[in-house]
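Structure first, commentary second.
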Amino acid sequence: MSKRAKMEPMIKTYDIPSEERTSNTTDFFVDDINNINSVGLLEIVKTDGSIDGCTASVIRTNNGNIAITAAHCIFDYYLQTWNTNLYFFPGYNNNVPGRVGKVYAYKSFIWGDFRQDATRFDYGFIKFYYPEGRKLQDDTGAFDYDLVIPQGNVPTTVFGYPHDNSGGFVNCSKDGQHLCQWQRDSFDFPSTLPNYEWYRGINVDVGYGSSGGPWLRNYDPNTNAGNVMGISHGILYEPYPDTSTASWAWHQDDFTTLLEYAENSQ
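Letter 192 of the sequence shown, counting from 1, is numbered 198 in the numbering used here, and no numbers are missing.
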């Protein structure tokens, strides 16, 4: 099967009453982007009303109000339906919301192929409601992104909000309330594995709640700048190792086309 077969986008619009769309967004303008405000907790409201959590990060766009996360944080593969609502808390850490508070999702964008196989095209974009005349990325900072995914061993910094004490992040409370960090090389999977070229890996289980968290190349802890070169999918099925988290290695054309849908959608 071709990696790029049946490329049809799926778009979800969240119907938030106009008076609520920015009601929990603060009036604070970030004057110190050295805090990690571009990574945030993504609160997911499921169709049954239950709450789940993922991780998302703001990326630099012309629109200025867009984040990247995992497609499975946006669309419930097992129920084959969109999650009801998404709320983003950029800069959330230590049980405390970040400086811009709570941001409501306006629209989400994923590739339709994800509906057929949850291990494929597991990334998507969220466009947010934000106060008129302002851009989320100006208040939080934003990451750049790689269109051509590097190969070989690449120093990579990964962020996430693991919960239920899951995963292999060390020296971090894995309760879904703390932003955890891992830093080491990401790598290509061996060519003996099926469809190995579709993914990259890291030698850590990032745990529940870290799905969608950014994999950053050239991360600078002094400015919190870096390039998103992947996002956490989770553990792949056998024969892939059960100790390695994978990221979908997106194709340049696929990524830019889906992002253009997000940027241009009204």
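The beta carbon of each residue, even a glycine, is placed where N, CA and C say it ideally should be.
Fill in: Minimum Cβ-Cβ distance from Asp211 to chain C less than 8 Å
Of the protein chains in the structure, only one exists, and it is not chain C.
Fill in: Given Val160 as reference, the closest of Tyr135, Ser217, Trp221 once Cα atoms are compared
By 1-based counting over the sequence shown, the position of residue 160 is 154. With distances taken between Cα atoms, Val160 lies closest to Trp221.
Worksheet item: Hey, is the region 151 to 168 in contact with the region 117 to 128, meaning 3+ C-beta pairs nearer than 8 Å?
Response: With a cut-off of 8 Å, the region 117 to 128 and the region 151 to 168 do not count as touching, because too few Cβ pairs lie within range.
Item to complete: Name the two residues that bound the continuous alpha helix (DSSP H) containing Ile237.
Response: Here residue 237 corresponds to residue number 231 of the sequence shown, with the count starting at 1. Secondary structure note for Ile237: it is in no alpha helix (DSSP H), and the uninterrupted beta strand (DSSP E) holding it is 231 to 237.
Discussion item. Let's test the definition: count the other Cβ atoms within 10 Å of the Cβ of Val164 and tell me whether it reaches 16, buried, or not, exposed.
Written reply: The residue given as residue 164 occupies position 158 in the sequence shown. The residue in question, Val164, is buried, as its Cβ has 16 or more Cβ neighbours within 10 Å.
Item to complete: Identify whether Phe127 lies in helix, strand or coil by the three-state DSSP scheme.
Response: For the purposes of this step, residue 127 is identified with residue 121 of the sequence shown, where counting begins at 1. Assigned with DSSP and collapsed to three states, Phe127 falls in coil, not helix or strand.
Worksheet item: Closest to Asn230 by CA distance: which of Val176, Cys178, Ala148, Thr263 is it?
Response: In the sequence shown, counting from the first residue as 1, residue 230 sits at position 224. Ranked by Cα distance from Asn230, the first of Val176, Cys178, Ala148, Thr263 is Ala148.
Discussion item. Considering only the alpha carbon of each residue, which of Asn228, Leu242, Tyr167 lies closest to Pro96?
Written reply: For the purposes of this step, residue 96 is identified with residue 90 of the sequence shown, where counting begins at 1. Taking only the C-alpha atoms, the option nearest Pro96 is Tyr167.
Worksheet entry | Proximal residues to Leu85 (C-beta, below 7 Å), its chain only, five neighbours per side dropped | Along the sequence shown, read from residue 1 onward, the residue named residue 85 stands at position 79. Residues Thr53 of the same chain have their beta carbon placed closer than 7 Å to that of Leu85, with the five preceding and five following residues left out of the count.
Worksheet entry | Straight-line Cα distance separating Asn177 from Phe127 | On the sequence shown, residue 127 is found 121 positions in, with the first residue counted as 1. On the sequence shown, residue 177 is found 171 positions in, with the first residue counted as 1. About 31 Å.
Practice prompt. Compute the minimum distance between the beta carbon of Tyr214 and the heavy atoms of the ligand COA, and state whether it is under 7 Å.
Written response: With respect to the ligand COA, the structure offers nothing, as it holds no ligand at all.
Item to complete: Write down the C-beta distance between Ile72 and Ile80 rounded to the nearest angstrom, noting that I regard them as a contact closer than 8 Å.
Response: Position 66 of the sequence shown holds residue 72. Position 74 of the sequence shown holds residue 80. Ile72 to Ile80, Cβ: 13 Å. No contact.
Discussion item. Could you compute how far the alpha carbon of Thr31 sits from the alpha carbon of Thr146?
Written reply: For the purposes of this step, residue 31 is identified with residue 25 of the sequence shown, where counting begins at 1. For the purposes of this step, residue 146 is identified with residue 140 of the sequence shown, where counting begins at 1. Each residue's Cα considered, the two are about 12 Å apart.
Practice prompt. List in chain order: all unbroken alpha helix (DSSP H) runs of 4+ residues lying wholly within the region 37 to 91.
Written response: Correct list: 77 to 80.
Discussion item. Tell me which residues share the same chain as Arg2 and place their Cβ nearer than 6 Å to its Cβ, disregarding the 5 neighbours each side in the sequence.
Written reply: The structure shown has nothing for residue 2, since the chain only spans 7 to 272.
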